[in-house]
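Residue 214 in numbering that gives the first Met the number 0 sits at position 215 of the sequence shown, with consecutive numbering throughout. The beta carbon of each residue, even a glycine, is placed where N, CA and C say it ideally should be.
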Amino acid sequence: MARARLFTSLCVLVFFINLARIVFAPLLNVFISEFGIGEATAGLIVTLAWIGSAAPRLPTGWILTKVPRHYVVISSGSILAVSSAIAATATTVEHLMVGAFFMGIASGVYFVSANPLLSELYPERIGRVMGIHGAANQIAAVVAAPFVALTLFVDWRLSLWAIAAGAAVITIYTWFVARETEMPSAGQADRNFVAGALSEWRLIATALAIVGFAVFVWQGLFNFYELYMIQSKGLSDRAAGLMLTIVFATGVPAFYFGGDFADRLPQIPYLLGIVGVFAVSVVVLTMVESLVGLILISVIVGFVIHSLFPAVDTFMLDTLPDSTRGSAYAVFSSLWMATQALGSSAVGTLIEQGYTYDAVFTGGALLLGALIVVLTVLERMGRLPT
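What follows is the structure, encoded as structure tokens:
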């Protein structure tokens with residue numbers, strides 16, 4: 000029961016952790032108007048949140064070889080509460096960027112410590128646990144746009160204050176629950192960060208080759224999804240917000256089923272299949288014009304890409320041994336997040352240079368598809384590690 004309560008508290012905490020990363024996407028229009036900035040600068044705000052999410056993952060991996068995982072998880076909630084308050088008080092775009100960066104820091108510290116902890120709390124059901132935890136994470140993405148829309152009736156800063164307050168409350172609760180829980184001993188074998196990461200470099204490189212560019216494309220797509228629907232598809236602001244909500248809403252069941260399938264299917268072919276279907280769905284998205292067609296393709300894009308996250312976490316955490324799990328996962332997570340973080344800024348820059356959204360998204364999807372074809376051939380030849 001103690002482990003179940005801890006798992007529940009982590010599912011609530013991850014809700015606020017992810018909301019802190021996603022909340023900036025529906026606020027881009029507000030920032031452009033409020034601070035008098037362009038798309039590239041607005042995209043940079045989002046990019047800083049995701050760079051912040053990438054930045055602490057390597058040092059957090061080292062800390063995990065010295066400090067119990069649940070202590071680090073609790074510290075991430077404290078960082079989120081403080082940094083959200085900093086962002087909520089921003090009067091300049093530079094001030095806002097600092098807050099966004101440290102909100103990202105909180106998420107990086109959290110995921111590197113919480114995911115290995117969960118896999119060790121429930122070693123027989125890693126995929127399912129990752130799926131449920133991911134679904135809680137994804138609910139934040141679903142409510143982000145309507146949540147921001149609601150707070151705009153008062154002030155956009157209210158959304159950030161709400162995150163600060165929620166993070167503070169659940170962090171305190173998690174601290175008390177963790178004190179009553181008997182923690183797993185598996186992570187105690189992981190005590191040499193550098194050696195642990197280096198010993199698993201082939202597995203890390205394989206996972207990054209499969210999913211790295213996919214999340215780069217995804218970051219650029221979802222952070223500009225509303226603007227894309229308005230400017231390229233001719234939808235109203237409300238309809239565009241609905242499309243983004245649909246993309247995120249389909250991620251809730253996608254996380255659950257994606258994690259469950261990851262426990263049952265051959266893991267590398269499963270990952271390659273998910274990424275390949277995502278590339279095709281992005282190309283189809285650029286071709287669809289009708290409202291019904293946009294709804295359907297948004298459902299497909301959202302479900303497919305969100306299936307990827309529990310699948311790759313299960314692949315890494317299930318494959319890595321106790322002696323290297325925390326260290327190697329931290330290195331993978333850091334490099335993967337750094338790849339994601341650049342997507343928004345890259346799309347914003349290309350749009351300001353005169354490229355259309357359709358051209359940018361189609362080009363990214365075609366490059367991704369070509370990469371998956373190469374990796375599939377290598378997998379069939381037995382050249383990829385498992």
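Nearest to residue i by alpha carbon, out of the options?
| i | options | result |
| --- | --- | --- |
| residue 177 | 129, 120, 204 and 241 | 120 |
| residue 352 | 317, 38 and 245 | 38 |
| residue 57 | 82, 46, 66 and 108 | 108 |
| residue 40 | 366, 344, 55 and 360 | 344 |
| residue 155 | 23, 303 and 114 | 23 |
| residue 209 | 35, 342 and 311 | 311 |
| residue 186 | 371, 62 and 348 | 62 |
| residue 144 | 241, 368, 357 and 337 | 241 |
| residue 146 | 123, 202 and 160 | 160 |
| residue 372 | 270, 99, 15 and 90 | 270 |
| residue 99 | 113, 114 and 81 | 81 |
| residue 55 | 45, 72, 253 and 43 | 72 |
| residue 234 | 290, 284 and 355 | 290 |
| residue 181 | 306, 68 and 347 | 68 |
| residue 376 | 59, 306 and 275 | 275 |
Does the distance between the C-beta of residue i and the nearest non-hydrogen atom of the ligand NAP fall short of 6 Å?
| i | result |
| --- | --- |
| residue 86 | Looking at this structure, you won't find the ligand NAP or any other ligand, since it has none at all. |
List the whole-angstrom C-beta distance separating residue i from residue j, where the pair is believed to meet the contact cut-off of C-beta under 8 Å.
| i | j | result |
| --- | --- | --- |
| residue 53 | residue 333 | 6 Å |
| residue 255 | residue 131 | 6 Å |
| residue 9 | residue 173 | 7 Å |
| residue 231 | residue 355 | 7 Å |
| residue 216 | residue 363 | 4 Å |
| residue 103 | residue 169 | Going by Cβ atoms, the distance from residue 103 to residue 169 rounds to 19 Å, so no, they are not a contact pair. |
Specify the secondary structure class of residue i as computed by DSSP and reduced to three states.
| i | result |
| --- | --- |
| residue 265 | coil |
| residue 202 | helix |
| residue 36 | coil |
| residue 223 | coil |
| residue 0 | coil |
| residue 351 | helix |
| residue 191 | coil |
| residue 27 | helix |
| residue 56 | helix |
| residue 181 | coil |
| residue 381 | coil |
| residue 233 | coil |
| residue 343 | helix |
| residue 321 | coil |
| residue 66 | coil |
| residue 214 | helix |
| residue 22 | coil |
Would a check of beta-carbon distances place residue i closer than 7 Å to chain C?
| i | result |
| --- | --- |
| residue 375 | In the structure shown, chain C does not exist; there is a single protein chain. |
Whole alpha helix (DSSP H) elements within the stretch 68-100, 4-residue minimum: Fully contained in the stretch 68-100 are the following alpha helix (DSSP H) runs of length 4 or more, in chain order: 68-87.
Segment contact, 8 Å Cβ cut-off, at least three pairs: the stretch 272-280 with the stretch 220-232: no
Inside the stretch 118-163 only - alpha helix (DSSP H) runs reaching at least 4 residues: 125-150
Cβ contact (3+ pairs, closer than 8 Å) linking the stretch 184-196 and the stretch 320-330: yes
Cβ contact (3+ pairs, closer than 8 Å) linking the stretch 306-322 and the stretch 258-266: yes
Contained alpha helix (DSSP H) runs [length at least 4] in the stretch 246-303, N- to C-terminal order: 250-263 and 266-286
Sufficient close CB pairs (3 or more, under 8 Å) joining the stretch 83-97 to the stretch 24-38: yes
Given 8 Å, three or more beta-carbon pairs between the stretch 355-373 and the stretch 74-90: no
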